[in-house]
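Those letters in the sequence shown? Residues 2 to 257, per our numbering, in order.
For glycine and all other residues, C-beta sits at the position ideal for the given N, C-alpha and C.
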Amino acid sequence: MSVLSDLARALTDRKIRVVDLTAPLSHETPILELPPEFGQTQRFTFEEISRYDDRGPGWYWNNFRTGEHTGTHFDAPNHWVTGKDQGDISGVPAEVFLRPAVVIDVTEQVAADPNFVIEREHLDQWQQEHGPLPDGGWLLCRTGWSARTTQQEMINNTDTGPTSPGMSAECAQWVAEQTGVIGIGVETVGTDAGAAHSFDPAFPCHAFFLGAGKYGLAQLQNLDQLPATGALIIATPLKIVDGSGSPCRVLALVED
Numbered sequence: 002m003s004v005l006s007d008l009a010r011a012l013t014d015r016k017i018r019v020v021d022l023t024a025p026l027s028h029e030t031p032i033l034e035l036p037p038e039f040g041q042t043q044r045f046t047f048e049e050i051s052r053y054d055d056r057g058p059g060w061y062w063n064n065f066r067t068g069e070h071t072g073t074h075f076d077a078p079n080h081w082v083t084g085k086d087q088g089d090i091s092g093v094p095a096e097v098f099l100r101p102a103v104v105i106d107v108t109e110q111v112a113a114d115p116n117f118v119i120e121r122e123h124l125d126q127w128q129q130e131h132g133p134l135p136d137g138g139w140l141l142c143r144t145g146w147s148a149r150t151t152q153q154e155m156i157n158n159t160d161t162g163p164t165s166p167g168m169s170a171e172c173a174q175w176v177a178e179q180t181g182v183i184g185i186g187v188e189t190v191g192t193d194a195g196a197a198h199s200f201d202p203a204f205p206c207h208a209f210f211l212g213a214g215k216y217g218l219a220q221l222q223n224l225d226q227l228p229a230t231g232a233l234i235i236a237t238p239l240k241i242v243d244g245s246g247s248p249c250r251v252l253a254l255v256e257d
């Protein structure tokens, strides 16, 4: 128990900083947009049950409705057709929710080109500087996109459609199939680039990571507060039976 005692003491003494990577969840939270012929996700909405009134004099509570992939959320393998036999969100092993993470920072490239995609060469350069990608850990992609908090800014529709950064198909396949990384985390509304509908295969981060029984985290914030290596991620989705994902609270532990 000494390891856990040391951790608790470090948290109490503020030697370990807790960083909230979660976007606020409200009716204003940006959501995925699909072509009109497809089903659409539900915006987050509240329905008040009672608020210290005749409906319940001593308590306040609400019903809420939203999609599984709204706000900061966790993608389970069965979210994508390639992972349909890999398991739902309720079956994700609990130990997955507490894992190390590394951060690749491409904010400068994205500032110059919102369509920027991470290629294998960028990860090779990162590994030359920081060491190998973590077995059983998360690869988090810092793009600066979390500064965009409105629907219009997040989706960023242009003449060519949604325009946002991501990862190339070749790179996604390599990370998902050839490394021990357990999943990818991004600041954008979903784990793929805005133009990924035209990649081969389409939406490769979904196709390759979830097809490999791995995971995705989307709409993360505050990645600028994490080091390139050394953070520990706590990502806790709801245990929804047969669910394809869930909004979640994502925290990072950082040793100062």
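Asked                                                                                                                                                 : Found
Going by beta-carbon coordinates alone, are Phe277 and Pro238 separated by less than 8 Å?                                                             : Outside the modelled stretch of the chain, which goes from 2 to 257, sits residue 277, for which no answer is possible.
Is the segment 217-236 close to the segment 89-106, with three or more CB pairs under 8 Å?                                                            : yes
Give a single yes or no on whether Phe209 has its beta carbon closer than 7 Å to a heavy atom of the ligand SAM.                                      : The model on display carries no ligand, and the ligand SAM is accordingly not part of it.
Compute the beta-carbon to beta-carbon distance between Pro202 and Ala194, rounded to the nearest angstrom, for a pair I have assumed lies under 8 Å. : Contact doesn't hold; Cβ gap of about 13 Å is too wide.
Less than 8 Å between the C-beta atoms of Leu167 and Thr189, yes or no?                                                                               : Going by the sequence as given, residue 167 is Gly instead of Leu. Going by C-beta atoms, Gly167 is nearer than 8 Å to Thr189.
Quick check: the segment 174-181 against the segment 156-164, are at least 3 beta-carbon pairs closer than 8 Å?                                       : no
For Ile183 versus Gly244, is the C-beta distance shorter than 8 Å?                                                                                    : no
May I ask you to verify whether the segment 79-88 touches the segment 57-67, counting CB pairs closer than 8 Å and requiring at least 3?              : no
In the DSSP assignment, the beta strand (DSSP E) including Ala24 goes from what residue to what residue?                                              : Element bounds for Ala24: n/a, residue is neither H nor E.
Below 8 Å between beta carbons: does that hold for Ala24 and Gln220?                                                                                  : yes
Output the boundary residues of the alpha helix (DSSP H) element that contains Asp76.                                                                 : Counting along the chain, Asp76 falls outside any alpha helix (DSSP H), though it belongs to the beta strand (DSSP E) covering His74 to Asp76.
Provide the residue(s) that pair with Arg143 in DSSP beta bridges, ordered along the chain.                                                           : Asp106
With DSSP as the reference, please indicate the residues paired to Asp54 in a beta bridge.                                                            : Gly57
At what residues does the alpha helix (DSSP H) containing Ala5 begin and finish?                                                                      : Reading off the sequence shown, one finds Leu at residue 5, where the question assumed Ala. Per DSSP, Leu5 belongs to the alpha helix (DSSP H) from Ser3 to Thr13.
Is the beta carbon of Gly88 closer than 8 Å to that of Asn79?                                                                                         : yes
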